[in-house]
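Asks:
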């Protein structure tokens, strides 16, 4: 249920960066362990963006895989062949394989975030309010 | 069509505030624990027993998070330590801005340890940094010994797990040893304590861990 507040934060960030221009697309990265469900974000976005310059914008989600890093040597585990597995299975596998350096001291260091990468906007302001903001 | 790069974390505001809180707690030499568990796991009872154990030795303060009611903070106040209740009004987790508001009401500089009892929920609270030194998961045996498998993020990001209600083990299909094994499988560094907050069994190990964490923090 926290997707509602996360979506509002995302919308606020998008509107701030768009500076009064109409937003057509928002590119987002969602970690496998981010606790953010893209379908929920889309659902809330449609509702929350109504009447804003982001209304009707398309959300693009890119999934960020889980990243496990060795605390002893700093290497990242190569889990590319396990990316599609369940998150817990990926973590267990990474720990079972251990690091190249022989350590099994690995921690999750990525795939936990929710990021806005970029926006696409219509260059010309299209609403009265936007024009006012421009001036 | 114009492309505007953003490259920012959506929860950046929370992360920045949490770091500011961590710096503040660090200056004041206060150990801050974020307790995460399902509803009914025994978080508040564990706090009551912890307060009794450390009474006269360490100064504790508590921040209580609940969707509604002040039932938990009343229990903590009755145990004799400063407490602030946060009602999230239905919200599923605490956020750094709520902790910032709560610490204004606590004399944090007069505390050795601040314990934050998060909203009863094993999922959402793990995604929100509150400026704590360590997350602690309380997992009670009646919930089943498979919780680390179903909620890996909570266990992967915690430093300690308190397995509560172990006095009920003879009556349950769940085993503390299995819960421990499942938790260590994704986080081998976890400190694991098997306790019964109700009977007091095993609490000494948990309280010792808190003492050690505080000592570690004050060494720096």
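Residue numbers (this note's numbering), protein chains in the order written: chain F, 1 to 135; chain X, 1 to 220. Note that the Cβ used here is the ideal one computed from N, Cα and C, for glycine as well.
1) Rounded to the nearest angstrom, what separates residue 46 of chain F and residue 129 of chain X at their Cα positions?
2) May I ask you to list the residues that DSSP assigns as paired with residue 68 of chain F?
3) Cα-Cα, which of X/213, X/83 and X/175 is closest to residue 195 of chain X?
4) When you measure from the CB of residue 193 of chain X to every non-hydrogen atom of the ligand NAD, does any distance come out below 7 Å?
5) From the DSSP output, in three-state form, read off residue 201 of chain X for me.
6) Would you check if the segment 73-87 of chain X and the segment 40-54 of chain X touch, i.e. whether three or more CB-CB distances between them fall below 8 Å?
7) To which residues of the same chain is residue 26 of chain F closer than 6 Å at the C-beta, ignoring the five residues directly before and after it?
8) Going by the beta-carbon positions, is the gap between residue 161 of chain X and residue 155 of chain X smaller than 8 Å?
9) From this set, F/71, F/78, F/11 and F/82, which residue's C-alpha is nearest residue 24 of chain F's C-alpha?
10) Can the beta-carbon of residue 11 of chain X be found less than 8 Å from the beta-carbon of residue 9 of chain F?
11) With DSSP run on the structure shown, which of helix, strand or coil describes residue 80 of chain X?
12) Residues of chain X with CB under 9 Å from residue 123 of chain F, in chain order?
13) Check whether the Cβ of residue 95 of chain F lies closer than 8 Å to any Cβ atom in chain X.
14) With a Cβ-Cβ cutoff of 8 Å, do residue 35 of chain F and residue 127 of chain X count as a contact?
15) With 8 Å as the threshold, decide whether the Cβ of residue 99 of chain X is near any Cβ in chain F.
16) Would you list, in chain order, the members of the segment 17-51 of chain X that have their beta-carbon closer than 8 Å to a beta-carbon of chain F?
17) Measure how close the beta-carbons of residue 108 of chain X and residue 61 of chain X come, nearest whole angstrom, since I'm counting them as under 8 Å.
18) Which word fits residue 148 of chain X, buried or exposed, when buried means at least 16 other C-beta atoms lie within 10 angstroms of its C-beta?
19) Cβ of residue 132 of chain X within 8 Å of Cβ of residue 65 of chain X?
20) Using a C-beta to C-beta distance shorter than 8 Å, which residues of chain X count as neighbours of residue 34 of chain F?
21) By DSSP's criteria, residue 135 of chain X is part of a beta bridge. Which residues make up the other side?
22) Nearest to residue 97 of chain X by alpha carbon, out of X/16, X/210 and X/183?
23) Since residue 18 of chain F contacts residue 4 of chain X with CB under 8 Å, what's their CB separation in whole angstroms?
24) Given a limit of 8 Å on CB to CB distance, which residues of the segment 154-187 of chain X reach chain F?
25) Can you tell me whether DSSP reads residue 87 of chain X as helix, strand or coil?
26) Is the distance from the Cβ of residue 7 of chain F to the Cβ of residue 48 of chain F below 8 Å?
27) Strictly below 7 Å CB to CB, what residues from chain X border residue 87 of chain F?
Replies: Let's see:
1) Computed Cα separation, rounded: 28 Å.
2) The beta-bridge partner set that DSSP reports for residue 68 of chain F consists of F/108.
3) Nearest neighbour of residue 195 of chain X by Cα position, chosen from X/213, X/83 and X/175, turns out to be X/175.
4) Of the ligands one can find in the structure shown there are none, so the ligand NAD has no counterpart to examine.
5) Residue state for residue 201 of chain X is assigned as coil, using DSSP reduced to three classes.
6) Touching, yes.
7) The answer, listed in chain order, is 14, 57, 59 and 119.
8) Yes, the pair counts as a contact, with Cβ atoms nearer than the cut-off.
9) Across the set F/71, F/78, F/11 and F/82, the C-alpha of F/11 shows the shortest separation from the C-alpha of residue 24 of chain F.
10) Contact: yes.
11) In the structure shown, residue 80 of chain X adopts coil according to DSSP, grouped into three states.
12) Chain X residues near residue 123 of chain F: 1 and 2.
13) So yes, residue 95 of chain F belongs to the interface.
14) Contact: yes.
15) No, no contact with chain F.
16) The segment 17-51 of chain X vs chain F, Cβ under 8 Å: nothing.
17) The distance from the Cβ of residue 108 of chain X to that of residue 61 of chain X is about 7 Å, consistent with a contact at the 8 Å cut-off.
18) Burial of residue 148 of chain X is indicated by the presence of at least 16 other C-beta atoms within 10 angstroms of its C-beta.
19) For the pair residue 132 of chain X and residue 65 of chain X, the CB atoms are not nearer than the 8 Å cut-off.
20) The contacting residues are 127.
21) Answer by DSSP bridge pairing, in chain order: X/34.
22) The residue with the shortest Cα to Cα distance from residue 97 of chain X is X/16.
23) The C-beta separation of residue 18 of chain F from residue 4 of chain X comes to about 7 Å, placing the pair in contact by the 8 Å criterion.
24) If the cut-off is 8 Å between Cβ atoms, the segment 154-187 of chain X has 156, 157, 185 and 186 near chain F.
25) Shown here, residue 87 of chain X sits in a strand according to DSSP, grouped into three states.
26) Yes. Within cutoff.
27) Chain-order list of chain X residues neighbouring residue 87 of chain F: 152, by C-beta distance under 7 Å.
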